[in-house]
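Step one of this worksheet: look at the structure below.
In my numbering, the protein residues as written are 4 to 310.
See the structure below:
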């Protein structure tokens, strides 16, 4: 390994280098393991390889069949979800219409109540009393004119009160009609949520089964390749082992250098932190004498407090 100047490297660069070296080591290590597996295959009897290949292919077919079943279940559930979503959209549209109607009825009712300034019962009594007085009482002309104007106003207000009551009845009817719609909207959401969870379960199961099948298929293909090659010459393969080992050893040696430097940096950090803690602990000791266990520990370790 060539000399490595790491004195000017930052901690971040050191960590990046460590990660890069570990990645390289992992790559070469996997490559080395692959070679050993390949060598083992070359030494395996051809009949054993055929049995292994056939067994793997049978497992692949079984896993693919299960994956297709899971996919079919998932698709069936997704179709149900799509249907429910379409129904829910219809319900949401109805809910919106009900909400708009309810809001409109409330607004109209409140406007009519402002115009009436009283209930039908109260206004009816007042109107009847004034009407009786207007028709049968002997009153001055000015009073009669004023009374007639009040009767007209009461009549208009009474009409608004009747209209407000009618609008309130419509509002209550709309509330009653909309109750089931609003509740069904929640039911749709709950049902869709449950089905979505079930669909996701089958989807993940399908993916896992296909992944397993792919891994086994790769192994089966490798076995088939080995059968076709039969007893391939192993010398070229073995020649790769020592260079890979040397690469891995050199990389590990280089890695130790960077790890050692990172460890020194961490030690420096810890020492600095302890020094800062020591300053704080001394100040506490001088000012109040109230110290935590950690404060006592750092003072005793540094020899600034003895018993």
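Built from N, CA and C at the ideal position, the CB exists for glycine as well.
With a 10 Å radius around the Cβ and a threshold of 16 neighbouring Cβ atoms, residue 151 comes out exposed. Residue 261 sits away from residue 53, with the two beta carbons spaced by 8 Å or more. Remark: C-beta atoms of residue 161 and residue 126 approach each other more closely than 8 Å. A direct Cα-Cα distance of roughly 23 Å separates residue 214 from residue 229. Straight-line measurement puts the Cα of residue 170 at about 6 Å from the Cα of residue 108. Across the structure, residue 227 and residue 218 are spaced so that their CA atoms are roughly 14 Å apart. Between residue 231 and the set 18, 50, 13, the nearest pair of CA atoms involves 50. 255 is the residue among 199, 269, 255, 272 whose C-alpha sits nearest the C-alpha of residue 23. By the beta-carbon neighbour count (other beta carbons within 10 angstroms, threshold 16), residue 270 is exposed. By the Cβ rule, the stretch 197-214 does not count as touching the stretch 30-40, because fewer than three pairs are nearer than 8 Å.
Taking a C-beta distance under 8 Å as the contact criterion, residue 154 and residue 133 qualify as a contact pair. Setting aside the 5 residues that flank it on each side, residue 73 is surrounded in the same chain by 205, 208, 209, each with a C-beta closer than 6 Å to its C-beta; the list follows chain order. Approximately 5 Å separates the beta-carbon atoms of residue 63 and residue 220; this is inside 8 Å, confirming the contact.
The DSSP-derived three-state label of residue 12 is coil. Residue 174 is not a Cβ neighbour of residue 129, given a cutoff of 8 Å. DSSP places residue 133 inside the alpha helix (DSSP H), whose first and last residues are 123-139. The alpha-carbon of residue 131 is positioned some 25 Å away from that of residue 172. Note on geometry: alpha-carbon atoms of residue 37 and residue 43 lie some 10 Å from one another.
Sequence-distant partners of residue 243 (beyond 5 residues in either direction) whose C-beta falls short of 7 Å from its own C-beta, in its chain, are 38. Comparing alpha carbon positions, the residue from 246, 120, 257, 61 closest to residue 223 is 61. Between residue 167 and residue 112, the gap from beta carbon to beta carbon is short of 8 Å. Look at residue 246 here: in three-state DSSP terms it is helix. For residue 143, there is no enclosing alpha helix (DSSP H), as DSSP marks it with neither H nor E.
Within its own chain, no residue has a Cβ closer than 8 Å to the Cβ of residue 176 once the five positions on either side in sequence are excluded.
Rounded to whole angstroms, the separation of the alpha carbons of residue 250 and residue 66 is 40 Å. Assignment of residue 120 by DSSP, reduced to helix, strand and coil, places it in the coil class.
Less than 8 Å separates the beta-carbon of residue 202 from that of residue 77.
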